[in-house]
Structure formats: C-alpha cells, structure tokens
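**Student:** Please see the structure below; I have some questions.
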Amino acid sequence: MEEFFVIRKRKLDQSWNLSDLHEPNNAFDYCEQMLDIPEEYIVEASMSTEGLELTVVDADTDEDWYMQLLRVA
C-alpha cells in the first residue's frame, strides 16, 4: 500500500540546500540519508511549495525510519 507524506520546509535539515531538493535525485538522496528510509520503500520524492513530498510503499509500521517519518511529517 502506498502512503503519502509532506514534510514542511521548516522541518527539513537546513544543512542541505533546499533549492537542491527540487532535483528528483537529490530529493531521493535526502530521504535515504537524512530520513534513513531504505531505497526500496521510496516510490517518489519531490520538493514542492509545501515541502518535501514523499510516497512510500509497503512500509512496516514498526520500523524506526517509519516512526521518525510520522513524527516529522
């Protein structure tokens, strides 16, 4: 099952240049490196005016990365 999240800009790690996140590969890298989301769960990641939009699939709700994602989204 796919789940959609939006992480508001103010909650994103400011050590990343937020304008770089408009590039799809950079948005994926941010999700993997900063949010510790395994690549196989990321369906889509992109930056919008609202923030980082992220779609994940088949997430195990007991995983640490998933619990962190719920806190920041």
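In this text, residue positions in the sequence shown follow my numbering: the first is 1254, and each later residue adds one. All C-beta atoms in this analysis are idealised placements derived from N, C-alpha and C, irrespective of residue type, glycine included. Quantities reported herein were computed from a predicted structural model and do not represent experimental measurements.
(1) Output the boundary residues of the beta strand (DSSP E) element that contains Glu1255.
(2) Evaluate Met1300 with the Cβ neighbour count: other Cβ atoms within 10 Å of its Cβ, from every protein chain shown; 16 or more gives buried, anything less gives exposed.
(3) Please classify Val1310: is it buried, with 16 or more other beta-carbons within 10 angstroms of its beta-carbon, or exposed?
(4) Using a Cβ-Cβ cut-off of 7 Å (strictly less than) and excluding sequence neighbours within five positions of Leu1288, which residues of its own chain qualify?
(5) Tell me, which residues are paired with Ala1298 by DSSP?
**Tutor:** In brief:
(1) Glu1255 to Arg1261
(2) buried
(3) exposed
(4) Trp1318, Gln1321 and Leu1322
(5) Leu1307
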